[in-house]
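In the numbering used here, the protein residues as written are 132 to 557. C-beta atoms are modelled at their ideal positions from N, C-alpha and C, and glycine is treated no differently. Structure record follows, encoded as structure tokens.
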């Protein structure tokens, strides 16, 4: 068996290949997270992806974030690609939206991606897929992308758990450790994310706690705009639930793309729990006088994005508010997009400059070091721990795992009996 991991010492852009004599799979084919408009991902082209995927039996995606799926549209058509059923719907709606962009070159690129997304195969939780002698079983996890999975990979008598991105403080996290205990148990090799290794002192709210804080903010602020991921179901639920607590009743608003995403969540997760049912979400139309009066009289919550359309909407909405009104922007994304030179997003900063009042209310979509430690102890890997999705020079042993597990951490090329492990840097 050969395990090859690309870009383990960075957040995002991971690619993990597991090969045997009879099978060959890739877990995630992610694009680098954007750091500046000048940065290029060396794999972001058909030729590079064709080389990486040569001889591959299948590609499986843990979830729909671009740093895990972003290179999928370069994959040759003869290689099957797999993702969760709801995740596929989200990816298709995203590229449908992007294909409306006015630039003809962009339009053609995103239409091609939409075609590739439409061709994605899907899997279901706990239903095993087989590729030659490799067996892959997906297990649901909570993350800032809904319909995310970890994978149990079995081949050559070796059991590997690839966690993907996950967390222990979301609404849907309570099943994480019980799932590991009931269905997975001990493994030979653990491939585990380490996003939070450099952020151990960060305050981590549960999504329920975040929702309560949002409600407190909304009681003090009548006109609230929220900048969060348009595809983070649990975060959108937190702000929806906070808004529904307000009396008198306030409308919840979004644009057409966002309402389509919310409809997907309502029709899937919302059928399992009314907690994720979003109900009526309005789109702002200047001619809708009833909605405008409801907004000005009772207040509102509006999900916003950073494109020109939303700046135009702000130009329409701000004038209808009372002269004394101070609209609030709640920023609910990683603060590195605002205040880190190497990762800041200028369009995020531009949106914030439209508001005199901005407050941050966020919690991570990734596992705390306590959860990482608990996962390690539960699966008790017999041979190796391979930390990925982490910043350079981080020490995975600092999560607090026992000394016998610390000796199993591998971060450089290594051979374990008949298993070869290779790390490829950016």
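- Non-local C-beta neighbours of residue 434 in its own chain, meaning closer than 6 Å and more than five positions away in sequence, comprise 357, 385, 389, ordered along the chain.
- Taking the Cα of residue 296 as reference, the smallest distance to any Cα among 142, 155, 177 is reached at 142.
- Looking at 485, 407, 424, 349, the one whose alpha-carbon comes closest to that of residue 415 is 424.
- The beta carbon of residue 153 lies closer than 6 Å to those of 263, 264 in the same chain, with the five residues before and after it left out.
- Secondary structure note for residue 551: it is in no alpha helix (DSSP H), and the uninterrupted beta strand (DSSP E) holding it is 550-555.
- Straight across, the Cα-Cα distance linking residue 289 with residue 520 is about 23 Å.
- About 10 Å separates the Cβ atoms of residue 188 and residue 149, ruling out a contact at the 8 Å cut-off.
- Residue pairing by DSSP places residue 420 in no beta bridge whatsoever.
- In terms of Cβ geometry, residue 554 and residue 173 do not form a close pair [threshold 7 Å].
- Counting every other CB atom within 10 Å of its CB across the protein chains shown gives residue 314 a total below 16, marking it as exposed.
- Bounds of the beta strand (DSSP E) holding residue 433 are 431-434.
- Judged by DSSP in its simplified three-state form, residue 497 adopts coil rather than helix or strand.
- For the pair residue 383 and residue 151, the Cα-to-Cα distance works out to about 51 Å.
- In this structure, the beta-carbon distance from residue 276 to residue 194 falls below 7 Å.
- By the CB criterion at 7 Å, residue 496 and residue 274 fall inside the cutoff.
- The C-alpha of residue 362 lies about 9 Å from the C-alpha of residue 396.
- Annotation: residue 476 to residue 272 spans about 28 Å, alpha carbon to alpha carbon.
- Taken in chain order, the complete beta strand (DSSP E) segments of 3 or more residues contained in the region 221-281 are 252-254, 260-262, 265-272.
- When DSSP states are grouped into helix, strand and coil, residue 489 belongs to the strand group.
- If you check the CB distance, residue 350 and residue 430 do not come in under 7 Å.
- Residue 465 holds the alpha-carbon nearest to the alpha-carbon of residue 360 among 528, 465, 526.
- In this structure, the CA atom of residue 213 is about 6 Å from the CA atom of residue 192.
- With contacts defined by Cβ atoms closer than 7 Å, residue 355 and residue 459 form a contacting pair.
- With 16 or more other CB atoms across the displayed protein chains lying within 10 angstroms of its CB, residue 368 is buried.
- Under DSSP, residue 150 takes part in a beta bridge, and its partners are 133, 155.
- Nearest in C-alpha terms to residue 222, of all of 270, 204, 237, 239, is 204.
- The C-beta distance from residue 292 to residue 303 rounds to 19 Å, too long to meet the 8 Å contact threshold.
- Straight across, the Cα-Cα distance linking residue 468 with residue 441 is about 19 Å.
- The region 524-542 makes contact with the region 498-514; the number of CB pairs closer than 8 Å reaches 3 or more.
- Shown here, residue 310 sits in a helix according to DSSP, grouped into three states.
- In the three-state reduction of the DSSP assignment, residue 204 falls in the helix class, which pools H, G and I.
- Apart from the 5 residues on each side of it in sequence, residue 230 sits with its Cβ closer than 7 Å to the Cβ of 238, 241, 242, 245 in its chain, given in chain order.
- Counting every other CB atom within 10 Å of its CB across the protein chains shown gives residue 353 a total of 16 or more, marking it as buried.
- The DSSP-derived three-state label of residue 459 is strand.
- Excluding the 5 residues flanking it on each side, residue 486 has same chain C-beta neighbours closer than 6 Å at 460, in chain order.
- Shown here for residue 445: same chain residues with a beta carbon closer than 7 Å to its own, the five before and five after excluded, namely 485 in chain order.
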